[in-house]
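Take a look at the structure set out below.
2 protein chains.
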Amino acid sequence: MLTKSLRVEGSAVYTPKKKLYSNELDKELGLEEGTVFNKSGVRVRSLAAEGETQSQMAKNAAFEALQCAGMKFEELDVLVCANGLTQQLIPCNAALLQREMGYGNSGVACFDVNSTCLGFITALDMVSCAFAAGRFNKAMIVVSDISSVGINWKNLESASLFGDAAAAFVLKASDNTANSSTILSAHMKTFADAVEVCEIKSGGFAKLAYNYTSDNHEEFLFSMDGPKVFKIAAQYINRFVDDTLAKAGYSMSDVDHVIPHQASKSAMELIRRRLNIPESKLHRIIENAGNCVAASLPMAFHDAIATGRLQKGQTVLLLGTGAGVSFGAILLRY
Amino acid sequence: MLTKSLRVEGSAVYTPKKKLYSNELDKELGLEEGTVFNKSGVRVRSLAAEGETQSQMAKNAAFEALQCAGMKFEELDVLVCANGLTQQLIPCNAALLQREMGYGNSGVACFDVNSTCLGFITALDMVSCAFAAGRFNKAMIVVSDISSVGINWKNLESASLFGDAAAAFVLKASDNTANSSTILSAHMKTFADAVEVCEIKSGGFAKLAYNYTSDNHEEFLFSMDGPKVFKIAAQYINRFVDDTLAKAGYSMSDVDHVIPHQASKSAMELIRRRLNIPESKLHRIIENAGNCVAASLPMAFHDAIATGRLQKGQTVLLLGTGAGVSFGAILLRY
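Line order of the protein sequences matches chains A and B. Those letters in the first sequence? Residues 1 to 334, per my numbering, in order. Those letters in the second sequence? Residues 1 to 334, per my numbering, in order.
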């Protein structure tokens, strides 16, 4: 594999103003105080305001990331959106964002990649290949998800877990100099026998909205079988991570930081135990953000950069699972 | 740019059995015979059977393409779906297809790219970059669209134009030998000021299905302002194609075949006239297929290969427009 060097020129996160505290939810649901927090590991989440759209949220993160990079929108070769949830059926989220940002006449290429919660990893994987191939030199990856509108609030597991957020990364191709980051390994596996553990069966062209009735309401909502997702993750995670690291000739002890998709408290505990990751290396933001679908991983990555916890030259493993079920990882020397 | 060499190992198309002839539609709508054909240039289209899904259609094309390539599904490094229309909101179409094909335990990486009607061009662009970067060696790109369920049949323009189909391409990375194809240039531009000329506003997370009422039925259907799409295409197409060819140091006279997205008879006429393309070089399949959304372009590409019209060593320009509005092109020495 070619060495794929790039620079993270800027990154940013946007979270809506409205907050939902888990102890409010305890009261609302008539549960003992602490029940929701103990179940989910989430203390507070941000929820999009009524009518706030994914591209509006995305715009805030995108402008801040560009400012941080000192780059103008028009300089970008490509804008890739990797939302787990699409804003509308046509066109792609990236085109909607280009327009929302006021650059609808810029010509900057726009497309989406979709691997649900793994979107950021897939987008970074493909953008780094396009950099290596000389196809693009400057790219912005943006992820923005509003899951709160599609949650089945009757299902405590979903109701206690999900938040809304957007994250943006501005990236530049680079010669392999000391000042750059390097993708050491990228890996993905999909086991679709488990499609039904994490699904929204409807809303696409197999069952468009006009099939909606109040009787089939739940088919149009997100459904997740947490214990089954957990079981599948446990089945595959060790082999998957071993293979990711082996591609680069690394072992877990060579990794300085593990930034997982913030799926749930128990999912991250599983990762920590099964991969034997010291607590000091594991990044968790779920307590104050919830699971923000595809935005969670770039949020945690941004947090690691912004807080200075992740230092230049250190090795970071971005790792996640997504509906499909898919596993994705990128090993990066930052 | 790195030379991106690859081999088209196999390709196939699937169309449903049910046919809709434009002269039947004339009768149904009380129009003079020939009206629909004269307007759309479409004589007959295939329509998915009631309950037939995009992944079922895709499966047929995918198995045939693999057979043609002499390759097993499990040998693939990645399955990329590039549907213009998503089958369901979660997970991605590629995961649904992996399962439909009976390889849900294979682990083959699955993700989608989405640039609406340009999906195949974007997927081929990214896969060729991943080949050049050594990230993947064997890939299948599948596109499957069922637009018939989302059409506003009251709108004659849509009702006379769209068909259902699937297409699949099996690709292999290659050293730059005489036996390979080479991507000479890839280009994309998006002008999202024109988002509203081609849209399904609803069905995504901005307006989920549970907002559906019979009063806002049309918001949940495809809407297109053909004359405006036409105007935007006319405004940008020459500059866009000139830039695509210039990247490779080519001019239109060096191009042996132009395979456009089969958007409409008038859109292809526009391309022919504005780019001064001899009729013998332009590939049209719209008369017997209609506009099959993102499946149209790979269908026409497959047709050019299967009929022997496109010969090894010849130069072909894959060219399209999609909702966004986006323009996309790949110049390929086949």
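Positions of the beta carbon are idealized from the N, C-alpha and C atoms, including for glycine.
- Comparing alpha-carbon positions, the option among A:G320, A:A294, A:M252 lying closest to A:A82 turns out to be A:A294.
- Annotation for A:F191: V325 place their beta carbon closer than 6 Å to its own, counting only its chain and skipping 5 residues before and after.
- Using a CB distance cut-off of 8 Å, A:V241 does not count as an interface residue toward chain B.
- The CB of B:C129 comes closer than 8 Å to the CB of M126, C129, A130, A132, A133, R135 in chain A, given here in chain order.
- Annotation for A:D145: the continuous beta strand (DSSP E) segment containing it runs 138–145.
- Ranked by Cα distance from B:A289, the first of B:S214, B:Y236, B:V13, B:E9 is B:V13.
- Around A:R99, the beta-carbon contacts reaching into chain B at under 7 Å are A192, D193, V195.
- Just so you know, the alpha carbons of B:L161 and A:N38 end up roughly 55 Å apart.
- Around the beta carbon of B:P227, fewer than 16 other beta carbons lie within 10 angstroms, which makes this residue exposed.
- Measuring C-alpha to C-alpha distances from B:S251 to each of B:E219, B:F230, B:N276, B:K207 identifies B:N276 as the nearest.
- Closer than 7 Å at the C-beta level to chain A, one finds these residues of the stretch 106–120 of chain B: G107, V108, A109, C110, F111, D112, V113, N114, S115, T116.
- Between A:G313 and A:R333, the CB-CB gap stays under 8 Å.
- Sequence-distant partners of B:F240 (beyond 5 residues in either direction) whose C-beta falls short of 8 Å from its own C-beta, in its chain, are H187, K189, F327, A329.
- By the Cβ rule, the stretch 54–62 of chain B counts as touching the stretch 95–106 of chain B, because three or more pairs are nearer than 8 Å.
- DSSP places A:M188 within a strand segment (E or B) once states are collapsed to three.
- Annotation for A:S115: no alpha helix (DSSP H) segment contains it, and DSSP assigns it neither H nor E.
- Neighbours of B:I146 across chain A, judged by C-beta separation under 9 Å: F205, A206.
- Our two residues, B:V113 and A:I151, have alpha carbons roughly 25 Å apart in a direct line.
- When secondary structure is reduced to three states using DSSP, A:E199 falls in the strand class.
- Proximity to B:R45 across B:L31, B:I286, B:G34, B:D125 peaks at B:I286, based on C-alpha coordinates.
- Residues of the stretch 243–256 of chain A with a Cβ closer than 8 Å to any Cβ of chain B: none.
- For A:G163, the closest Cβ of chain B is not nearer than 8 Å.
- Only residues of its own chain outside the window of five on either side were considered, and among them none has a CB closer than 8 Å to the CB of B:A178.
- Secondary structure at A:A62: helix, using DSSP grouped into helix, strand and coil.
- Distance from the CA of B:R273 to the CA of B:W153, rounded to the nearest whole angstrom, comes to 30 Å.
- Using a Cβ-Cβ cut-off of 7 Å, B:M188 is close to A109 of chain A, given in chain order.
- Not flagged as an interface residue toward chain A: B:S174, since no C-beta distance is shorter than 8 Å.
- Taking 8 Å as the threshold, the shortest C-beta distance from B:G324 to chain A falls below it.
- When rounded, the separation of the alpha-carbon atoms in B:T213 and B:Y103 is 39 Å.
- Where A:P278 is concerned, there is no enclosing beta strand (DSSP E), because DSSP gives it neither an H nor an E.
- For B:Y236, the enclosing alpha helix (DSSP H) has its first and last residue at 226–247.
- B:V36: not part of any beta strand (DSSP E); member of the alpha helix (DSSP H) spanning 35–40, first to last residue.
- Counting the other Cβ atoms within 10 Å of the Cβ of B:G322 gives 16 or more, which makes it buried.
- Exposure of B:N238 is indicated by the presence of fewer than 16 other C-beta atoms within 10 angstroms of its C-beta.
- According to the DSSP assignment, A:E9 belongs to no alpha helix (DSSP H) but to the beta strand (DSSP E) extending over 4–14.
- Where A:F327 is concerned, the enclosing beta strand (DSSP E) starts and stops at 326–333.
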